[in-house]
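Undergrad:
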Ligand SMILES: NC(=O)c1ccc[n+]([C@@H]2O[C@H](COP(=O)([O-])OP(=O)(O)OC[C@H]3O[C@@H](n4cnc5c(N)ncnc54)[C@H](O)[C@@H]3O)[C@@H](O)[C@H]2O)c1
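Numbering (my numbering), first residue to last: -10 to 272.
#1: When burial is assigned at 16 or more other CB atoms within 10 Å of the CB, is residue 181 buried or exposed?
#2: Mind checking which residues open and close the alpha helix (DSSP H) that includes residue 170?
#3: Measure the Cβ-Cβ separation of residue 280 and residue 222 and say whether it is below 7 Å.
#4: If we count the other Cβ atoms within 10 Å of its Cβ and call it buried at 16 or more, is residue 215 buried or exposed?
#5: Measuring only the C-alpha atoms, how far is residue 88 from residue 118?
#6: Candidates 1, 35, 113, 42: which alpha carbon is nearest residue 312's?
#7: Could you tell me the boundaries of the alpha helix (DSSP H) in which residue 254 lies?
#8: So does the segment 139 to 152 actually touch the segment 90 to 101, counting three or more Cβ pairs closer than 8 Å?
#9: Within 8 Å, do at least three Cβ pairs link the segment 32 to 52 to the segment 146 to 165?
#10: Determine the burial state of residue 15: buried for a count of at least 16 other Cβ atoms within 10 Å of its Cβ, exposed for fewer.
#11: At the level of alpha carbons, what is the spacing between residue 270 and residue 75?
#12: With residue 18 and residue 11 assumed to form a contact (beta carbons below 8 Å), what rounded beta-carbon distance in angstroms separates them?
#13: To the nearest angstrom, how far is the alpha carbon of residue 65 from that of residue -1?
#14: Between which two residues does the alpha helix (DSSP H) holding residue 41 run?
#15: Would you list the residues sitting across from residue 144 in a DSSP beta bridge?
#16: Using three-state DSSP, classify residue 128 as helix, strand or coil.
#17: What are the boundary residues of the beta strand (DSSP E) that residue 77 is part of?
#18: Please go through the same chain and pick out, in chain order, the residues whose beta-carbon is closer than 7 Å to the beta-carbon of residue 167, but skip the five residues on each side of it.
#19: What is the rounded straight-line gap between the Cα of residue 233 and the Cα of residue 79?
#20: Given the structure, does residue 278 come close to ligand 1, in the sense that its CB is under 6 Å from one of the ligand's heavy atoms?
#21: Roughly how far, in whole angstroms, is the beta-carbon of residue 70 from the beta-carbon of residue 109, given that I think they are within contact range, below 8 Å?
#22: Is it the case that the CB of residue 132 approaches a heavy atom of ligand 1 more closely than 6 Å?
#23: Where does residue 195 land, buried or exposed, given buried means 16+ other C-beta within 10 angstroms?
#24: Would the beta-carbon of residue 292 be found less than 6 Å away from any heavy atom of ligand 1?
#25: Does residue 136 pass the burial test, meaning 16 or more other C-beta atoms within 10 Å, or should it be called exposed?
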């Protein structure tokens, strides 16, 4: 099945990126928000991101105009009625996502593939809200979507091979390298990153090394592009905490239990880059 028209639920940080890369690759896009103000904000951010791409020589003014011309913003979910693929990128809350999937199941055409960009929630729980769980999978994009090259597909025990194949082709059509994981909290990326980040936080908490030394050891010693504390600040410490809790809840493995320092920082509103303070200061 060829994917031509793409729906995106949510025009926040991730949804706007998914809408942008899809439109730049030539797909028609419908992107929704819960109100006009948030929709306008998201569409303005897409415009700004395309302007940056032009400034960096990655796109021409004509590419920008063509991409913007392919994106339609809406606050009516009914506008997903002729989409071949809808990617849900609303906030990380299972009850909300389940409702979105139940609604999409009623609105979208029979052949449509429904995907969630969730970082750690059960894709199967969302799929079971639909009448065609074989057409549901996870499509875990990375932030910032226009820059990051990978796309993690998440296959539930009910996702069909045909669905996976169509999602794989779509991922390649938007310039991503695709890899596939099973539907379990953390998928591949966070299953490996979260315990690594939590161990770095535990070293800091124990006074074993400074935050700068921990990050530098990993950047200069292991050749990672950034250290685990810098990356946790980037991901968001609230998000890191949320994913760790979900993984601990599922596997009951103490490696995934959030250390007290992380919990305290989240309680104090120190979420990393987005709040201006995390392990480092961004003000
Ligand atoms: N931020 C990241 O680095 C990152 C990375 C990978 C995956 N994710 C996942 O992507 C999803 C979105 O994250 P985000 O960072 O873009 O969050 P965000 O808060 O920036 O954006 C979410 C948007 O969804 C909108 N929304 C909520 N309910 C909606 C509905 N019913 N219909 C339409 N819009 C709705 C909200 O108004 C908000 O603007 C989450 O599931 C998150 O776990 C985030």
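The beta-carbon is built from N, C-alpha and C at its ideal position, and this holds for glycine as well.
TA: Reading from the atomic positions:
#1: Residue mapping note: residue 181 aligns to position 192 of the chain shown, counting from 1. So residue 181 ends up on the exposed side.
#2: Translated into positions along the chain shown, residue 170 becomes position 181. Here residue 170 belongs to no alpha helix (DSSP H); instead the beta strand (DSSP E) covers 166 to 171.
#3: For the chain, the structure presents residues -10 to 272; residue 280 sits outside this window and is missing.
#4: Taking the chain shown and counting its residues from 1, one reaches residue 215 at position 226. By the 10 Å Cβ count, residue 215 comes out exposed.
#5: Here the question's residue 88 lines up with position 99 in the chain shown. Here the question's residue 118 lines up with position 129 in the chain shown. Answer to the nearest angstrom: the Cα atoms are 8 Å apart.
#6: With the chain running from -10 to 272 in the structure shown, residue 312 is simply not present.
#7: Counting from 1 along the chain shown, the entry for residue 254 is found at position 265. From DSSP, the alpha helix (DSSP H) with residue 254 extends over 249 to 256.
#8: no
#9: no
#10: By one-based count along the chain shown, residue 15 stands at place 26. Its Cβ having fewer than 16 others within 10 Å, residue 15 is exposed.
#11: Taking the chain shown and counting its residues from 1, one reaches residue 270 at position 281. Taking the chain shown and counting its residues from 1, one reaches residue 75 at position 86. Straight-line Cα distance between these residues: approximately 37 Å.
#12: Locating residue 18 in the chain shown gives position 29, where the first residue counts as 1. Locating residue 11 in the chain shown gives position 22, where the first residue counts as 1. Going by Cβ atoms, the distance from residue 18 to residue 11 rounds to 5 Å, so yes, they are a contact pair.
#13: Looking up residue 65 in the chain shown gives position 76. Looking up residue -1 in the chain shown gives position 10. So the alpha carbons of these two residues sit roughly 12 Å apart.
#14: Position 52 of the chain shown, counted from the first residue, corresponds to residue 41. 25 to 44 is the span of the alpha helix (DSSP H), which, as asked, contains residue 41.
#15: Along the chain shown, one-based indexing puts residue 144 at 155. Its beta-bridge partners are 171.
#16: As a working mapping, residue 128 is identified with position 139 in the chain shown. If DSSP states are grouped into helix, strand and coil, residue 128 belongs with the strands.
#17: For the purposes of this step, residue 77 is taken as residue 88 along the chain shown, with counting starting at 1. Unbroken beta strand (DSSP E) run through residue 77: 74 to 77.
#18: For the purposes of this step, residue 167 is taken as the residue at position 178 of the chain shown. These residues qualify, in order along the chain: 140, 142, 157, 160, 161.
#19: The residue labelled residue 233 in the question sits at position 244 within the chain shown. The residue labelled residue 79 in the question sits at position 90 within the chain shown. Near 20 Å, if we compare the C-alpha coordinates of residue 79 and residue 233.
#20: In the structure as shown, the chain begins at -10 and stops at 272. Residue 278 is therefore absent and cannot be evaluated.
#21: As a working mapping, residue 70 is identified with position 81 in the chain shown. As a working mapping, residue 109 is identified with position 120 in the chain shown. That belief does not hold up - the Cβ atoms of residue 70 and residue 109 are roughly 30 Å apart, past 8 Å.
#22: Position 143 of the chain shown, counted from the first residue, corresponds to residue 132. It does: the Cβ of residue 132 is within 6 Å (strictly closer) of some heavy atom of ligand 1.
#23: Along the chain shown, one-based indexing puts residue 195 at 206. Classification for residue 195: exposed.
#24: This structure does not reach residue 292, given that the chain is present from -10 up to 272, and the question cannot be answered.
#25: Within the chain shown, residue 136 is the residue found at index 147, counting from 1. With fewer than 16 Cβ atoms within 10 Å of its Cβ, residue 136 is classed as exposed.
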